[in-house]
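Quick note: the sequence shown uses full-length UniProt numbering, first residue 1, plus one each step.
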Amino acid sequence: MGWLDRVDDQVDALTHARSLQESSRSAEAVGVLDRVLRTTADPYTRADALVQRLCALINLGRTAEFTRAIEEASGAVRDLPEPYLHGHLNALAALAAHHQGALDRCVTHLVRAARALGAAEDRDRDTAWGWHDLAMAYSYLSFHGYALGAIERARQHGAAAGIPEETFAAPGIRLRNAVALDHNGDSDGCLRVLRDIAADLARFVDDGRADRLRPSSLAAYGYAAVRRAALGDATPVGPEPARLLDHGGDSARARDMRQLGHVCLAVADGRPIEAITRLDSARVSAETLGAAELSRLRSIAFSRAGDHAAAHRADRMAFRLAAQRNDRLRDVYIDGIAARIDHEEMRREAARFEGEALTDPLTGLPNRRRLERYIGSVVSRGERVVIGVCDLDGFKAVNTHHGHHSGDLVLQRIAGVINRVMRRGDFVARYGGDEFVVVLSGAGMTEAAEVARRIDAAVRTEDWESLVPGTPVGVSIGFAEVAGTGTALRDALGLAFEIADREMLRAKARSRAS
């Protein structure tokens, strides 16, 4: 039994409003829902209409109306014992709070939404859309791993309810993941994700399912294509991506992508001055693709125009804006959540955010706790494992000469550089300070030597002079193989880390002597 099976009044109108929103016709949906609210006395109908109306207002970007809409929907939902309704409302409230810049409220709503949707027993269409909207909220907050997990739950519920796979293809979620990688210096990683998005679209086209894609998805596919071209990927742009950008109906996010998409097209077509002019007049939300996207596009355009000094300034601004998000998230966790959720509730809900506790907020890499779990799981399967300790050379001088903000930028850049040259399936973590650890599963010391060579070469050729002038940055690496299983695993891991650390120190000494 689905949620709407419990509703007795004006079910057809509520279903029609859902259909309009799925077709990116949210303004029409608001009109339908307002008529329902004027004529119904049923509490379930009223609650559903108010939650849907909040969703439509978010789609339309009518920020000034968010607070009142949340208050009205919360009042209608509060006393109804329906997990789906509470979950969907909190997912939407998280999106609204994010657009309003209230990250502490946003994270609180995310926690509550995940708890409520997880408690919904029915795999129906509405619960699927609740998970979809929660995935969108996670994505906007840059919790990309959680976003992908939530959209997978949406697909599972959708499949059980007969919703086609392409409905929850979620190109917008993966697009935000891609541009976030680029904002943090990992353009190769960005391109890999953008190519995957293009491959999915090609598969839907080949299977004859492209006409069933949602308009907002088509806009995201279009932006992914032109963003890829702006980065110089060797692929013809053609007219199709521009047509895709015209989709999206009355969605505020689609309008933003349309503006920035034409900037990317101008860059790809060799018209960087036009791209810069378009950027000067662009009016887009910083939340659609991240606050750093305008600066990053400006850097690409200036670079194509040959103004490398201006490109460098814009790129540094993009790095700063991306880093500010991480700083704000850390403040949220330290100061915000404890003030909003009592201790016992926080203890229970912390388990749902364990993945974020296992992630380094500055670089986005797994942290020490997640690293140890990963190595343990790989070794317990009987696989060969080699670990490598990577320690930055010159990092103290970066902090001394340029300040800790520049130090953070260097750490973010290093994280991207190491990730870029690793083999498929390898694992990279930030161990603490300026130390990173790589894990090579199914590998021996021969493969480790090749990985070390690639990391060293990539770090040496990186343009550190533009980031921290006059302060060279290098890396020293030591590898060791983990030999042990079962009860001896912890001792084996400790020994391997000691050996790798000694090898790293020897490499550092050789570097200083040369």
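The beta-carbon is built from N, C-alpha and C at its ideal position, and this holds for glycine as well.
Whether residue i touches residue j by CB criterion (7 Å)
| i | j | result |
| --- | --- | --- |
| Arg278 | Val263 | yes |
| Phe168 | Ala154 | yes |
| Asn177 | Gln412 | no |
| Glu293 | Val179 | yes |
| Val468 | His405 | no |
| Val482 | Ala496 | yes |
| Val410 | Val398 | yes |
| Ser251 | Ser217 | no |
| Gly130 | Ala91 | yes |
| Asp256 | Ser295 | no |
| Val193 | Arg174 | yes |
| Arg368 | Tyr431 | yes |
| Ala96 | Ile58 | yes |
| Leu392 | Asp434 | yes |
| Leu245 | Gly270 | no |
| Ala161 | Arg125 | yes |
| Asp390 | Phe436 | First, the amino acid is wrong: residue 390 is Cys here, not Asp. Closer than 7 Å, so yes. |
Rounded straight-line distance, which links the Cα of residue j to that of residue i
| i | j | result |
| --- | --- | --- |
| Leu110 | Arg506 | 47 Å |
| Tyr84 | Val417 | 42 Å |
| Arg502 | Gly478 | 7 Å |
| Asp8 | Pro43 | 10 Å |
| Gly382 | Arg510 | 35 Å |
| Val385 | Ala458 | 23 Å |
| Val473 | Leu4 | 60 Å |
| Met136 | Gly248 | 16 Å |
| Leu141 | Ser380 | 34 Å |
| Ser139 | Pro361 | 15 Å |
| Gly388 | Ser466 | 28 Å |
| Glu121 | Thr39 | 31 Å |
| Arg297 | Arg46 | A small fix is needed here, since residue 297 is Leu in this sequence, not Arg. Distance between the alpha carbons of Leu297 and Arg46: 44 Å. |
| Thr359 | Ala13 | 44 Å |
| His88 | Arg105 | 15 Å |
| Thr471 | Gly394 | 7 Å |
| Lys396 | Asp48 | 56 Å |
| Asp188 | Ala198 | 15 Å |
| Ala94 | Ser26 | 19 Å |
| Ala229 | Leu148 | 25 Å |
| Gly101 | Ser19 | 29 Å |
| Asp491 | Glu165 | 46 Å |
| Leu181 | Gly172 | 14 Å |
| Arg243 | Phe302 | 26 Å |
| Ile163 | Arg123 | 11 Å |
| Arg258 | Ala266 | 13 Å |
| Asp307 | Gly232 | 17 Å |
| Glu372 | Asn419 | 18 Å |
| His312 | Leu321 | 14 Å |
| Glu71 | Leu37 | 15 Å |
| Ala29 | Gln52 | 8 Å |
| Ile499 | Lys508 | 14 Å |
Where residue i falls, given that 16 or more other Cβ within 10 Å makes a residue buried
| i | result |
| --- | --- |
| Gln324 | exposed |
| Ile276 | buried |
| Gly494 | exposed |
| Ala219 | buried |
| Ile300 | buried |
| Ala56 | buried |
| Glu462 | buried |
| His99 | buried |
| Asp280 | exposed |
| Arg347 | Its pLDDT being 48, under 50, Arg347 is placed unreliably in this model, and the coordinates cannot settle the point. |
| Ala448 | buried |
| Gly75 | exposed |
| Arg460 | exposed |
| Ser24 | buried |
| Arg78 | exposed |
| Gly364 | buried |
| Asp196 | exposed |
| Ala415 | buried |
| Ala513 | exposed |
Presumed contact (8 Å Cβ cut-off) between residue i and residue j, rounded CB distance
| i | j | result |
| --- | --- | --- |
| His157 | Thr127 | 5 Å |
| Ala69 | Leu54 | 4 Å |
| Arg201 | Tyr221 | The identity of residue 201 in the sequence shown is Leu, whereas the question assumes Arg. 5 Å between Cβ atoms; contact. |
| Ala73 | Leu50 | 4 Å |
| Glu65 | Arg214 | Not confirmed; about 24 Å, so no contact. |
| Asp268 | Val226 | Just to set this straight, residue 268 is Ala in the shown sequence, not Asp. So it is a contact: roughly 6 Å between Cβ atoms. |
| Arg304 | Pro272 | 4 Å |
| Val438 | Val451 | 7 Å |
The region 97–112 contacting the region 26–39, beta-carbon criterion three pairs below 8 Å: With a cut-off of 8 Å, the region 26–39 and the region 97–112 do not count as touching, because too few Cβ pairs lie within range.
Cβ pair count under 8 Å reaching 3, the region 425–432 against the region 441–452: Short answer: they touch.
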